[in-house]
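A.B. asks: Numbering (this note's numbering), first residue to last: 21 to 127.
For glycine and all other residues, C-beta sits at the position ideal for the given N, C-alpha and C.
Here the structure is a predicted model, which means the values were calculated and not measured.
Right, I'll just put the structure down here and ask away after.
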């Protein structure tokens with residue numbers, strides 16, 4: 021898949037900082053798909069907890085599970101989107117800009 025055809029753009033700066041953004045209609049549809057799956061997870065959690073609100077142990081266990089499941093969901097979403105993203109390294113662009121400005125200053 022060519023970089024221009026990819027549905028996401030990832031801006032990286034440094035080792036860990038990155039921002040993944042949808043590109044065009046395809047990217048927004050795929051992002052909506054991921055958000056819909058999260059909404060379903062959240063609705064399922066509310067439905068389960070509403071069934072037994074007086075059992076504190078049960079609610080605590082389900083809540084602990086709900087904290088773990090969205091964490092796994094978020095990691096999976098980031099990895100999936102990153103695999104389908106054009107990656108732009110901002111550090112390289114800034115270094116190139118500084119080099120050009122230095123060259124202009126020498127002239």
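Just how far apart, CA to CA, sit residue 60 and residue 49?
C.D. replies: Near 16 Å, if we compare the C-alpha coordinates of residue 49 and residue 60.
A.B. asks: Residue 26 and residue 104 look like a contact to me (Cβ under 8 Å); what is the Cβ gap, rounded to whole Å?
C.D. replies: About 6 Å; that satisfies the 8 Å criterion.
A.B. asks: Taking only the alpha-carbon atoms, compute the straight-line gap between residue 80 and residue 92 and give it to the nearest angstrom.
C.D. replies: Cα-Cα distance, rounded: 19 Å.
A.B. asks: Just mark residue 101 as buried or exposed, buried being the case when its beta carbon has 16 or more other beta carbons within 10 Å.
C.D. replies: The residue in question, residue 101, is buried, as its Cβ has 16 or more Cβ neighbours within 10 Å.
A.B. asks: Does the distance from the C-beta atom of residue 110 to that of residue 33 stay below 7 Å?
C.D. replies: Contact: yes.
A.B. asks: Using 7 Å as the limit for Cβ to Cβ distance, is residue 32 near chain B?
C.D. replies: This model lacks chain B altogether, as it is built from one protein chain only.
A.B. asks: Between the alpha carbons of residue 28 and residue 95, how many angstroms are there, rounded?
C.D. replies: Taking the straight line joining both Cα atoms gives about 16 Å.
A.B. asks: In whole angstroms, what is the alpha-carbon distance linking residue 65 and residue 47?
C.D. replies: Near 27 Å, if we compare the C-alpha coordinates of residue 47 and residue 65.
A.B. asks: Answer with buried or exposed for residue 97, where buried requires no fewer than 16 other C-beta atoms within 10 angstroms of its C-beta.
C.D. replies: It is buried - the Cβ of residue 97 has at least 16 other Cβ atoms within 10 Å.
A.B. asks: Evaluate residue 87 with the Cβ neighbour count: other Cβ atoms within 10 Å of its Cβ, from every protein chain shown; 16 or more gives buried, anything less gives exposed.
C.D. replies: Result: exposed.
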